[in-house]
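K.L.:
Numbering (the working numbering), first residue to last: 2 to 585.
Right under this line is the structure:
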């Protein structure tokens, strides 16, 4: 039979369960957009910027049981999408990127968008393919999908030339998609070694990342059986519910919240799951390994990269952790009472430390601006447990991590290792698109909002009542705070005065202003009510950023301590001199 590549793309995406593609139609993909316009399964979503399209596909993958997909033009579209592709690559998020390609049949050179983008995208994808025959379109998309979801997930890229999309060609069949077989069961001998090491520990602890996001029940069973605290990475915030008595918070070192820092201060055996011990997870590598490490990860390359593992178990947390929980239960009858008492003691200390930290924030006087703790208390109170919260990259990210209680897996989304500003708004729009019956709130900084806030026009077009809370302080505060201590001045981090109301109006969104603590409950309630009617809402939060987060203080201290004495003295002297002659 004969089919165009556009028709074949449509067949493959329908088979793969794709619900939406994100991108912009252009010369090299209009045939595929036309084919998808007739699909009852796949809806193409036109966006304002291909970078936003990639953030949207990323967010779909993080919050659904199917993979987010892009449909973009080559060269320019791929260049703009690279930020979101890179975010997915470093965060381990599956994504299917389909790009048009230049004409392969007429023999002319110097075509529009002509460059070798396959070589270009290789460093930020798990695989990249250029299709040259019609019969390869469907098998290639299937293989790309398997690659994206196999092992540690990540983005994949498929280029389909425009002439294949336009002109029919011979194909053998239209095969159905067959997923990979389930992974092999974890090594039972390693599981038993890990269980015995954890049971023998006097002060065990669990540190979980995004790789454990779908294994929360098993994490809870292990923690309760051991009487061990549980901390999460930034990306893994939703991997363990904040309501659990053994939930200590984000981090385990000097950049962690007090409850977690205290709970893990004397940890002797650490079970780490789905974390690579990267820069953010370790507070700029401020952790001192006082513990023996039992490390579980789907990617064996992470073992020993930054901290040596005594026991390394390669595998999916969804398989490894239930097996480990069962083994601990089978071997742990002796000493169960002691571990139960330990759980009570650990839970009590965690609760007291959390309460003290919350009280510290509530007591902070921010000069009449919105207190972050009061804001997040109110947001939690007005948002149902199945509501979604999305952050961007900035100071607000760590405030959310430290002060907001996550309750359900995959319902708090934070870009992490690529750390690209501009993620929050498009990600929230995509989550609202795929979860129309659940509220979605984005918490973004004013600098990040300036990058991608106009994507709310897509929300308005599709009747998506997403709420975007813009933390407005007039600075790129995460960096300006880091500048203040060593430099005693701020360079290029103070923003011009921007009328956020004008951006909201241009995008078709409602606008609400939150000036002080007295406005918090009223404004959030009004925002939820307008969003429920299908209109996006921008909440202009005049936030108090004068109190730094534990994360910010921790990484500044760690990085200063890493410097030589001479460099420390140079920084201190410069800051002191500027304080005298040119105050910030």
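Ideal Cβ placement from N, Cα and C applies to all residues, glycine included.
#1: Roughly how many angstroms separate the alpha carbons of residue 591 and residue 195, rounded to a whole number?
#2: Taking only three categories from DSSP, how would you classify residue 564?
#3: To the nearest angstrom, how far is the alpha carbon of residue 385 from that of residue 394?
#4: Given this structure, state the Cα-to-Cα distance separating residue 94 from residue 577, to the nearest angstrom.
#5: With which residues is residue 47 paired in a DSSP beta bridge?
#6: Going by alpha carbons, who is nearest to residue 398 out of 80, 445 and 123?
#7: Go ahead and pull the three-state DSSP assignment for residue 585.
#8: Where does residue 258 fall in DSSP's three states?
#9: Can you tell me the Cα-Cα spacing of residue 6 and residue 305, whole angstroms?
#10: Does the stretch 230-246 come close enough to the stretch 331-341 to have 3 or more Cβ pairs within less than 8 Å?
#11: Any idea if residue 55 is buried or exposed, counting beta-carbon neighbours within 10 angstroms, 16 or more meaning buried?
#12: Where residue 501 and residue 553 are concerned, what is the direct C-alpha to C-alpha distance, given to the nearest angstrom?
#13: Following the continuous alpha helix (DSSP H) through residue 506, name the residue where it begins and the one where it ends.
#14: According to the neighbour-count rule (16 or more other Cβ atoms, all chains shown, within 10 Å of its Cβ), is residue 349 buried or exposed?
#15: I need the boundaries of the alpha helix (DSSP H) containing residue 100, first residue and last residue.
#16: According to DSSP, simplified to helix, strand and coil, what is residue 109?
#17: Would you kindly work out how many angstroms separate the C-alpha atoms of residue 482 and residue 551, rounded to a whole number?
#18: Per DSSP, which residues does residue 538 bridge with? Please list them.
#19: Buried or exposed: residue 45, going by 16 or more other Cβ atoms within 10 Å of its Cβ?
#20: List the DSSP bridge partners of residue 5.
#21: With contact counted as at least three CB pairs below 8 Å, one residue from each stretch, are the stretch 250-257 and the stretch 222-235 in contact?
#22: Exposed or buried, residue 208, counting other C-beta atoms within 10 Å across all chains shown (16 or more means buried)?
#23: In three-state terms, what does DSSP make of residue 57?
#24: Can you give, in chain order, each stretch of the alpha helix (DSSP H) that sits fully within the stretch 337-399 and has at least 4 residues?
#25: I think residue 390 touches residue 413, with their Cβ atoms under 8 Å apart; what is that distance to the nearest whole Å?
#26: Should the stretch 134-149 be regarded as contacting the stretch 172-188, the criterion being three or more beta carbon pairs within less than 8 Å?
#27: Going by DSSP in three states, residue 251 sits in which element: helix, strand or coil?
#28: Straight-line CA distance for residue 495 to residue 555?
#29: State the CB to CB distance for the pair residue 543 and residue 564, rounded to an integer number of angstroms; the pair is presumed to be in contact (CB under 8 Å).
#30: In terms of alpha-carbon separation, which member of 216, 188 and 548 lies closest to residue 409?
#31: Answer yes or no: do residue 219 and residue 326 have a C-beta to C-beta separation smaller than 8 Å?
#32: Round the Cβ separation of residue 401 and residue 427 to the nearest angstrom and send it over; I've been treating them as touching at under 8 Å.
#33: Drop a sphere of 10 angstroms on the beta-carbon of residue 22, count the other beta-carbons inside from all chains shown, and report buried for 16 or more, exposed for fewer.
#34: Do you know offhand how far residue 173's Cα is from residue 132's?
#35: If we count the other Cβ atoms within 10 Å of its Cβ and call it buried at 16 or more, is residue 407 buried or exposed?
#36: Is there contact here, the stretch 49-66 with the stretch 464-472, by at least three beta-carbon pairs under 8 Å?
P.N.:
Let me lay it out:
#1: This structure gives no information on residue 591, because the portion of the chain shown stretches from 2 to 585.
#2: On the chain shown, position 563 is the one that residue 564 refers to. Reduced to three states, the DSSP call for residue 564 is coil.
#3: One-based indexing of the chain shown puts residue 385 at position 384. One-based indexing of the chain shown puts residue 394 at position 393. Answer to the nearest angstrom: the Cα atoms are 24 Å apart.
#4: Taking the chain shown and counting its residues from 1, the one referred to as residue 94 is at position 93. Taking the chain shown and counting its residues from 1, the one referred to as residue 577 is at position 576. Cα to Cα, the separation comes out at about 45 Å.
#5: Within the chain shown, numbered from 1, the residue matching residue 47 stands at position 46. Bridge partners of residue 47: 24.
#6: Taking the chain shown and counting its residues from 1, one reaches residue 398 at position 397. Per the Cα distances, 445.
#7: Within the chain shown, residue 585 is the residue found at index 584, counting from 1. Residue placement at residue 585 cannot be trusted, given a pLDDT of 48 that sits under 50; what the coordinates show is reported in the next sentence. Coil.
#8: The residue you call residue 258 lines up with position 257 of the chain shown. In the structure shown, residue 258 sits in coil (DSSP, three-state: anything other than H, G, I, E or B).
#9: On the chain shown, residue 6 is found 5 positions in, with the first residue counted as 1. On the chain shown, residue 305 is found 304 positions in, with the first residue counted as 1. So the two alpha carbons sit approximately 45 Å from each other.
#10: no
#11: Numbered from its first residue, the chain shown carries residue 55 at position 54. Residue 55 is buried by the Cβ-count criterion.
#12: For the purposes of this step, residue 501 is taken as the residue at position 500 of the chain shown. For the purposes of this step, residue 553 is taken as the residue at position 552 of the chain shown. Residue 501 and residue 553: Cα-Cα distance of roughly 27 Å.
#13: Position 505 of the chain shown, counting from 1, holds the residue named residue 506. 501-508 is the span of the alpha helix (DSSP H), which, as asked, contains residue 506.
#14: The residue given as residue 349 occupies position 348 in the chain shown. When all chains shown are included, residue 349 counts as exposed.
#15: Within the chain shown, residue 100 is the residue found at index 99, counting from 1. From DSSP, residue 100 is part of no alpha helix (DSSP H) but of the beta strand (DSSP E) over 96-102.
#16: Walking along the chain shown from the start, residue 109 turns up at place 108. Looking at residue 109 - three-state DSSP - the assignment turns out to be coil, as it is neither helix nor strand.
#17: Taking the chain shown and counting its residues from 1, the one referred to as residue 482 is at position 481. Taking the chain shown and counting its residues from 1, the one referred to as residue 551 is at position 550. Distance between the alpha carbons of residue 482 and residue 551 is about 12 Å.
#18: Residue mapping note: residue 538 aligns to position 537 of the chain shown, counting from 1. The partner list for residue 538 (beta bridge, DSSP) reads 468 and 511.
#19: Here residue 45 corresponds to residue number 44 of the chain shown, with the count starting at 1. Its Cβ being crowded by 16 or more others within 10 Å, residue 45 is buried.
#20: Walking along the chain shown from the start, residue 5 turns up at place 4. Note: residue 5 sits in no beta bridge, so no partner.
#21: yes
#22: If you number the chain shown from 1, residue 208 lands on position 207. Per the 10 Å Cβ criterion, buried.
#23: By 1-based counting over the chain shown, the position of residue 57 is 56. Residue 57 falls in the helix class under three-state DSSP.
#24: 337-363 and 373-383
#25: Numbered from 1 along the chain shown, position 389 holds the residue referred to as residue 390. Numbered from 1 along the chain shown, position 412 holds the residue referred to as residue 413. Residue 390 to residue 413, Cβ: 5 Å. Contact.
#26: yes
#27: Here residue 251 refers to the residue found at position 250 when the chain shown is read from its first residue. Reduced to three states, the DSSP call for residue 251 is strand.
#28: Sequence index remark: in the chain shown, residue 495 carries index 494 (1-based). Sequence index remark: in the chain shown, residue 555 carries index 554 (1-based). C-alpha separation (whole angstroms): 23 Å.
#29: Within the chain shown, the letter at position 542 stands for residue 543. Within the chain shown, the letter at position 563 stands for residue 564. At roughly 36 Å, the Cβ-Cβ gap does not stay under 8 Å, so residue 543 and residue 564 are not in contact.
#30: Counted from its first residue, the chain shown places residue 409 at position 408. Residue 216 is the option with its Cα nearest to residue 409.
#31: Translated into the one-based positions of the chain shown, residue 219 becomes position 218. Translated into the one-based positions of the chain shown, residue 326 becomes position 325. In this structure, residue 326 lies closer than 8 Å to residue 219 by Cβ.
#32: Your numbering for residue 401 matches position 400 in the chain shown. Your numbering for residue 427 matches position 426 in the chain shown. Not a contact, Cβ separation roughly 18 Å.
#33: In the chain shown, residue 22 corresponds to position 21, counting from 1. Residue 22 is buried by the Cβ-count criterion.
#34: For the purposes of this step, residue 173 is identified with residue 172 of the chain shown, where counting begins at 1. For the purposes of this step, residue 132 is identified with residue 131 of the chain shown, where counting begins at 1. Rounded to the nearest angstrom, the two C-alpha atoms are 16 Å apart.
#35: Along the chain shown, one-based indexing puts residue 407 at 406. Residue 407 comes out buried.
#36: no
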